[in-house]
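Visitor:
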Amino acid sequence: MKSISLDLHGVSEFINETDMELMKDKVYKAHDMLENKSGLGSNMLGWLKLPENRNDEEIKRIKSAAEKIKKQADVFVVVGIGGSYLGAKAIIDIFSNSFNNLLSREDRKTPEIIFAGNTLSAKYIRNLVEYIKDKDVAINVISKSGTTLEPAITFRILREFLEKKYGITGAAQRIYVTTDERKGILHDIAIKQEYEMFVIPDDVGGRYSVLTPVGLLPMAVANIDIEDILDGALFASHVFNQKDIEINDCYKYAAIRNILYQKGKSIEILASYEPSFQYFIEWFKQLFGESEGKENKGIYPSGALFTTDLHSMGQLIQEGTRNIFETVIDIAIDRSFIQLPAIKDNSDGLNYLADKDIDYINKQAFLGTVKAHVDGGVPNIIIQMEDITEYNVGQLIYFFEKACAISGYILGVNPFNQPGVESYKRNMMDLLKKEEK
Ligand code: PA5
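Just so you know, our numbering puts 60 at position 36 of the sequence shown, and the rest follows in order with no gaps.
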């Protein structure tokens with residue numbers, strides 16, 4: 025059942041039929057490039073077929089590792105950076121209680137899940153080691169290359185911690201590695217130490233890897249139904265592969281953001297009225313930023329959580345430089361059901377909202393904001409999602425991945441490489457090696 029669709033009333037005054045007609049050909053060309061594997065980076069298209077080529081044996085192994093982790097750990101540390109953690113963190117946050125790590129183990133029904141290896145902050149790493157000192161810990165270290173400095177440093181520290189605490193063989197039972205099937209330092213360590221290993225397929229890049237064990241193992245530990253996620257993505261892979269822009273909302277989205285870009289809207293804000301989408305926005309930013317931002321081109325992907333950020337960024341969005349468009353994720357049904365109580369003396373003056381569902385109030389804020397921003401010259405693309413289920417979120421993941429690939433090809437770049445990321449790494453390694461001497 026289709027549960028992701030576009031509402032385009034907030035863009036109609038900014039684009040016209042001719043714009044769409046001209047962009048349609050580019051979308052179809054991009055579609056053909058993906059289908060025929062004739063575009064740039066075509067050796068990295070494995071993500072397209074991940075839901076279709078689901079490996080049931082692997083799913084079984086992921087679920088059984090997750091069960092083992094749940095039994096052995098109070099704290100499960102996921103070590104990875106960029107595409108090797110953002111997807112898992114995004115989806116786990118969406119399905120978790122807002123105060124998850126503060127709940128008791130019984131209420132949470134999962135270990136506390138902590139993300140590390142995504143920073144070189146000494147404070148963060150020291151605090152982490154101190155925090156887990158007296159707790160039972162399992163870790164999942166995730167790195168496709170196996171050489172990325174941030175996770176490698178954190179892994180060394182955590183590995184030493186685990187080996188001191190549980191002995192070398194005890195630690196090996198608590199270390200789960202997700203990496204390349206054949207090569208890399210992490211791969212070699214995992215083989216030598218006999219850590220349980222999961223594979224990131226060769227033809228799937230980091231930021232397109234959330235539907236591989238990179239995302240699926242941490243999600244399974246968080247009690248997320250990973251098969252429903254994959255079912256949703258499978259459905260989306262059919263719906264969003266139709267070469268007909270009239271019915272394919274994913275292609276429509278890719279087309280519209282490029283039309284807006286051509287008209288000078290070079291910043292896209294992905295907005296949500298649901299704070300648990302904060303890391304979904306971060307995942308989106310990495311997906312689009314690393315895929316499109318090259319050759320002096322690319323829409324700058326940013327994010328906002330409304331209504332919170334209306335009180336910080338709202339002014340700039342409403343009246344600042346007119347180079348912004350917004351893409352808003354609207355969730356039709358919220359199942360939290362909490363109403364504002366009526367009070368006798370109406371001392372706070374809020375009785376006009378008495379008995380109203382908070383989600384209804386949030387919706388009115390959304391509708392009012394879309395209208396204000398559109399009136400202020402900020403086009404709004406609305407992505408509607410029926411409600412927050414694994415099946416729907418699986419669709420949403422695929423929607424954005426496919427839109428990103430199509431959009432990158434429309435832009436004329438390779439959406440599957442990231443040559444620019446190497447520059448800082450080279451400089452940093454030069455400096456670190458210099459200090460060694
Ligand atoms: O999308 C990408 O390829 C990157 O963001 C990587 O995921 C990130 O740099 C981490 O790389 P690795 O998994 O090799 O440690």
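Cβ coordinates follow ideal geometry from the N, Cα and C atoms, glycine included.
Just so we're clear, the structure is a prediction, and the values are computed from it rather than from any experiment.
#1: So what's D131 in DSSP terms, helix, strand or just coil?
#2: Ligand 1 heavy atoms versus the CB of R206: any closer than 7 Å?
#3: Does ligand 1 have even one heavy atom less than 7 Å from the beta-carbon of I105?
#4: Taking the alpha carbon of E205 as the reference point, which residue from S167, E91, Y448, R198 has its own alpha carbon closest?
#5: Looking at L64: is its Cβ nearer than 8 Å to the Cβ of N320?
#6: Does DSSP put S296 in a helix, a strand or coil?
#7: If you compare alpha carbons, which of F440, W307, K457 is closest to I67?
#8: Using DSSP bridges, identify the partner residues of Y155.
#9: Select from M44, E410, E41, K48 the residue whose C-alpha is nearest the C-alpha of K16.
#10: Identify, in the order they occur along the chain, each residue of the same chain with its Cβ nearer than 6 Å to the Cβ of Q442, setting aside the five sequence neighbours on each side.
#11: To which residues of the same chain is K189 closer than 8 Å at the C-beta, ignoring the five residues directly before and after it?
#12: Who are the near neighbours of A427 in its chain, counting only those whose CB is closer than 6 Å to its CB and skipping five residues on each side?
#13: Between which two residues does the alpha helix (DSSP H) holding E91 run?
#14: When the Cα atoms are used, what is the spatial distance from F423 to L110?
#15: According to DSSP, is F424 helix, strand or coil?
#16: With the cut-off set at 8 Å, would you say V245 and P365 are in Cβ contact?
#17: Comparing the CB of R231 with every heavy atom of ligand 1, is any distance shorter than 7 Å?
#18: How about L144 and I177: are their beta carbons less than 8 Å apart?
#19: Please state whether DSSP places M452 in a helix, a strand or coil.
#20: Tell me, to the nearest whole angstrom, how far the beta carbon of N416 is from that of S27; I am working on the premise that it is less than 8 Å.
#21: With a threshold of 7 Å on Cβ separation, who are the neighbours of K87 within its own chain once the five nearest residues in sequence on each side are excluded?
#22: Looking at P175 and ligand 1, is the gap between the Cβ and the nearest heavy atom below 7 Å?
#23: List the DSSP bridge partners of F349.
#24: How many angstroms separate the CA atom of I224 from the CA atom of S233?
#25: Considering just the uninterrupted stretch of the alpha helix (DSSP H) at F390, what are its terminal residues?
#26: Mind checking who A140 pairs with in its DSSP beta bridge?
#27: Helix, strand or coil, according to DSSP, for L74 in the structure here?
#28: State the DSSP-derived secondary structure class of S29, mapped to helix, strand or coil.
#29: Using the beta-carbon count (16 or more within 10 Å), is L126 buried or exposed?
#30: Starting from M409, follow the beta strand (DSSP E) in both directions and report where the run begins and ends.
#31: Quick one, are the C-beta atoms of N404 and V35 less than 8 Å apart?
#32: Just grab the DSSP bridge partners of Q363 for me.
#33: For I199 versus Y219, is the C-beta distance shorter than 8 Å?
#34: Need the endpoints of the alpha helix (DSSP H) that M221 sits in, please.
#35: Which residue's Cα is closest to the Cα of L340: G400, K94, L186, L240?
Guide: Taking the coordinates as given:
#1: Position 107 of the sequence shown holds residue 131. Helix.
#2: Against the sequence shown, residue 206 aligns to sequence position 182. Set against 7 Å, the gap from the CB of R206 to the closest heavy atom of ligand 1 is not smaller.
#3: For the purposes of this step, residue 105 is identified with residue 81 of the sequence shown, where counting begins at 1. Yes, ligand 1 has a heavy atom inside 7 Å of this Cβ.
#4: Taking the sequence shown and counting its residues from 1, the one referred to as residue 205 is at position 181. In this structure, S167 is the residue among S167, E91, Y448, R198 with its C-alpha nearest to the C-alpha of E205.
#5: By 1-based counting over the sequence shown, the position of residue 64 is 40. By 1-based counting over the sequence shown, the position of residue 320 is 296. L64 places its beta carbon 8 Å or farther from that of N320.
#6: Taking the sequence shown and counting its residues from 1, the one referred to as residue 296 is at position 272. In this structure, S296 counts as strand in the three-state DSSP scheme.
#7: Here residue 67 refers to the residue found at position 43 when the sequence shown is read from its first residue. Rather than Ile, the amino acid found at residue 67 in this sequence is Asn. With distances taken between CA atoms, N67 lies nearest to F440 out of F440, W307, K457.
#8: In the sequence shown, counting from the first residue as 1, residue 155 sits at position 131. Note: Y155 is not bridge-paired with any residue in the DSSP secondary-structure output.
#9: Only positions 25 to 461 of the chain appear in the structure, and residue 16 is not among them; the question remains open.
#10: Here residue 442 refers to the residue found at position 418 of the sequence shown. Cβ within range, chain order: E314.
#11: Numbered from 1 along the sequence shown, position 165 holds the residue referred to as residue 189. Around K189: V161, A195.
#12: Numbered from its first residue, the sequence shown carries residue 427 at position 403. Counting only Cβ-Cβ distances below 6 Å, and skipping sequence neighbours, we find C274, Y277, A278.
#13: Walking along the sequence shown from the start, residue 91 turns up at place 67. 80-96 is the span of the alpha helix (DSSP H), which, as asked, contains E91.
#14: Stepping through the sequence shown from its first residue, residue 423 is reached at position 399. Stepping through the sequence shown from its first residue, residue 110 is reached at position 86. When the Cα atoms are used, F423 and L110 turn out to be separated by approximately 17 Å.
#15: The residue labelled residue 424 in the question sits at position 400 within the sequence shown. The answer is helix: DSSP assigns F424 an H, G or I state.
#16: For the purposes of this step, residue 245 is taken as the residue at position 221 of the sequence shown. For the purposes of this step, residue 365 is taken as the residue at position 341 of the sequence shown. No; because the gap between Cβ atoms is not below 8 Å, this pair is not in contact.
#17: Here residue 231 refers to the residue found at position 207 of the sequence shown. R231: yes, Cβ under 7 Å from ligand 1.
#18: As a working note, residue 144 is residue 120 in the sequence shown. As a working note, residue 177 is residue 153 in the sequence shown. Closer than 8 Å, so yes.
#19: As a working mapping, residue 452 is identified with position 428 in the sequence shown. Three-state result, M452: helix.
#20: To locate residue 416, count along the sequence shown from 1; it is residue 392. To locate residue 27, count along the sequence shown from 1; it is residue 3. Confirmed, Cβ separation roughly 5 Å.
#21: Here residue 87 refers to the residue found at position 63 when the sequence shown is read from its first residue. Closer than 7 Å at the Cβ level, and outside the excluded window around K87, lie A244.
#22: Within the sequence shown, numbered from 1, the residue matching residue 175 stands at position 151. Yes, the beta carbon of P175 sits closer than 7 Å to at least one heavy atom of ligand 1.
#23: Here the question's residue 349 lines up with position 325 in the sequence shown. BP columns for F349 point to E292.
#24: Taking the first residue of the sequence shown as position 1, residue 224 is located at position 200. Taking the first residue of the sequence shown as position 1, residue 233 is located at position 209. The alpha-carbon atoms of I224 and S233 are separated by roughly 7 Å.
#25: The sequence position of residue 390 within the sequence shown is 366, counting from 1. For F390, the enclosing alpha helix (DSSP H) starts and ends at 382-399.
#26: Along the sequence shown, read from residue 1 onward, the residue named residue 140 stands at position 116. Partner(s): V103.
#27: Numbered from its first residue, the sequence shown carries residue 74 at position 50. In the structure shown, L74 sits in coil (DSSP, three-state: anything other than H, G, I, E or B).
#28: Along the sequence shown, one-based indexing puts residue 29 at 5. Correct three-state label for S29: strand.
#29: As a first step, residue 126 is located in the sequence shown; it is residue number 102 there, counting from the start. Taking a 10 Å sphere around the C-beta of L126, we find fewer than 16 other C-beta atoms and assign the residue as exposed.
#30: Counted from its first residue, the sequence shown places residue 409 at position 385. Counting along the chain, the unbroken beta strand (DSSP E) around M409 starts and ends at 404-411.
#31: One-based indexing of the sequence shown puts residue 404 at position 380. One-based indexing of the sequence shown puts residue 35 at position 11. The Cβ atoms of N404 and V35 lie closer than 8 Å to each other.
#32: Your numbering for residue 363 matches position 339 in the sequence shown. Q363 pairs with D381.
#33: For the purposes of this step, residue 199 is taken as residue 175 along the sequence shown, with counting starting at 1. For the purposes of this step, residue 219 is taken as residue 195 along the sequence shown, with counting starting at 1. Their beta carbons are under 8 Å apart, which means I199 touches Y219 by this criterion.
#34: Counted from its first residue, the sequence shown places residue 221 at position 197. From DSSP, M221 is part of no alpha helix (DSSP H) but of the beta strand (DSSP E) over 220-223.
#35: Locating residue 340 in the sequence shown gives position 316, where the first residue counts as 1. The closest CA to that of L340, considering only G400, K94, L186, L240, is found on G400.
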